[in-house]
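Inspection log for the structure reproduced underneath, given as structure tokens.
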Amino acid sequence: MVKLAYILAASHSGSTLLSILLGSHPQIATIGEMKLSRKAMGDLASYRCSCGEFIRQCRFWHKVKECMVDRGFEFDLAYAGTDYSAFESRYARRLLGPLYRGKFLENFRDFALGLSPTWVKQFPEIHRRNAALVSTVLEITKAETIVDSSKNALRLKYLLRNPELDVTVIHLIRDGRAVALTYMDPAEFADAQNPSMRGGGMGGDRENERLSMAQAAYQWRRCNEEAENILCCLDRSRWIEVRYEQICTDPDATLKRIWLFLDVNSSLAVKDFRSIEQHVVGNGMRLDTTSEIRLDERWREVLSERDLRIFHDVAGEMNRQYGYE
Numbered sequence: 001m002v003k004l005a006y007i008l009a010a011s012h013s014g015s016t017l018l019s020i021l022l023g024s025h026p027q028i029a030t031i032g033e034m035k036l037s038r039k040a041m042g043d044l045a046s047y048r049c050s051c052g053e054f055i056r057q058c059r060f061w062h063k064v065k066e067c068m069v070d071r072g073f074e075f076d077l078a079y080a081g082t083d084y085s086a087f088e089s090r091y092a093r094r095l096l097g098p099l100y101r102g103k104f105l106e107n108f109r110d111f112a113l114g115l116s117p118t119w120v121k122q123f124p125e126i127h128r129r130n131a132a133l134v135s136t137v138l139e140i141t142k143a144e145t146i147v148d149s150s151k152n153a154l155r156l157k158y159l160l161r162n163p164e165l166d167v168t169v170i171h172l173i174r175d176g177r178a179v180a181l182t183y184m185d186p187a188e189f190a191d192a193q194n195p196s197m198r199g200g201g202m203g204g205d206r207e208n209e210r211l212s213m214a215q216a217a218y219q220w221r222r223c224n225e226e227a228e229n230i231l232c233c234l235d236r237s238r239w240i241e242v243r244y245e246q247i248c249t250d251p252d253a254t255l256k257r258i259w260l261f262l263d264v265n266s267s268l269a270v271k272d273f274r275s276i277e278q279h280v281v282g283n284g285m286r287l288d289t290t291s292e293i294r295l296d297e298r299w300r301e302v303l304s305e306r307d308l309r310i311f312h313d314v315a316g317e318m319n320r321q322y323g324y325e
């Protein structure tokens, strides 16, 4: 079995930053979101790898393709075959749409998916492709553990069932008000600092992705509810809780705690995480050039009293449970 550390979080909670920080350690590798969703990446001809190259021209990804072929898998980023929710069957896609709901409803989902011939045929193949991709990246990077920052609990559910993977979980939490602001304006508050590098390197204002505060607060709450639902079924020794704010205000101590959890040698850690070339897909901050780790609390100045009241009504209780007052 190969080691995989899964970052479980709501989107825009700092998962890409954390995966890059972890991936700078010589015993750890990451490519960011291993589900490699074509929908999330958009136009691959214009999408940039975190190394700065267009991803179609990146030598690392060419090497991944070659190694996957050697392992018996045709591999193309247009359809990597590692996303458990990407099915041609409309029936399967509808069943895979809802977030993780807890043991009883997940048993029902499993039963209903078992009635789909497409799911029964493709599910083992997705298992094998995920394991092959993990082994490929570890072989290329000569690392021992890979970090997957795909975040959603439903993917984690199926990775935990993959017989070739030894999965541990990093539950990453961020103040819901900060996350809600990123959903309301993702280009300005959840993307690269350089406007021309936003949208995967294509620029743009991401206007069609904006949510209202009510929608944003609900999405943050539901993502954390699904995380709690799956963690309560997982042995406590297999997961660790980490706060975005801790990463930003005390990165050394926070990373040492994660190194210990992942059983890697903290003395081998690199001080400047940007000095290590990585090949990450995911949030636009991977295309930034600064090595400064800075706490982003712009929500304190940007959100109106009305926004805060709406957030309080929709998700305030959960935010307080996590200690955010």
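Residue numbers for the sequence shown, in the working numbering: 1 to 325. Positions of the beta carbon are idealized from the N, C-alpha and C atoms, including for glycine.
| Check | Outcome |
| --- | --- |
| Limits of the unbroken beta strand (DSSP E) element including A131 | Counting along the chain, A131 falls outside any beta strand (DSSP E), though it belongs to the alpha helix (DSSP H) covering 117 to 141. |
| Collapsed DSSP secondary structure at T145 in the structure displayed | strand |
| Alpha-carbon spacing of R109 relative to L154, whole angstroms | 11 Å |
| Cβ pair M68, T136 closer than 7 Å | yes |
| Length-filtered (4 minimum) alpha helix (DSSP H) runs lying within the region 249 to 310 | 251 to 262, 299 to 302 |
| Length of the line joining the Cα atoms of S237 and E317 | 27 Å |
| Neighbour-count burial assignment, Y100, 16 or more Cβ in a 10 Å radius | buried |
| Cβ separation of I28 and V179, assumed to be a contact under 8 Å, to the nearest whole Å | About 25 Å separates the two Cβ atoms, so there is no contact after all. |
| Between the CA atoms of F87 and R244 - distance to the nearest angstrom | It is worth fixing the name first, because residue 244 is Tyr in this sequence and not Arg. So the alpha carbons of these two residues sit roughly 33 Å apart. |
| Cβ pair L8, L115 closer than 7 Å | no |
| For R48, the three-state DSSP class (helix, strand or coil) | strand |
| Distance between beta carbons of L287 and R48, contact taken as under 8 Å | 6 Å |
| H279 burial status per 10 Å Cβ neighbour count (16 or more: buried) | buried |
| Residue of T290, I310, V270, Q246 minimising C-alpha distance to E297 | Q246 |
| Start-end ranges of the alpha helix (DSSP H) lying completely within the region 10 to 67, minimum 4 residues | 15 to 23, 38 to 41 |
| Beta bridge counterpart(s) of E241 as assigned by DSSP | H171 |
| Own chain, CB closer than 7 Å to S150, minus 5 neighbours either side, in chain order | E33, M34, K35 |
| Own chain, CB closer than 8 Å to W61, minus 5 neighbours either side, in chain order | C49, I55, L77, H279 |
| Any 3 or more C-beta pairs closer than 8 Å across the region 271 to 278 and the region 175 to 195 | no |
| Pick from Y322, L96, S24, S19 that is closest to V270, judged by C-alpha positions | S24 |
| CA nearest to the CA of D166, picked from T145, S291, L231 | T145 |
| Start-end ranges of the beta strand (DSSP E) lying completely within the region 151 to 196, minimum 3 residues | 165 to 173 |
| 6 Å Cβ shell around D205 - same chain, five flanking residues per side excluded | A187 |
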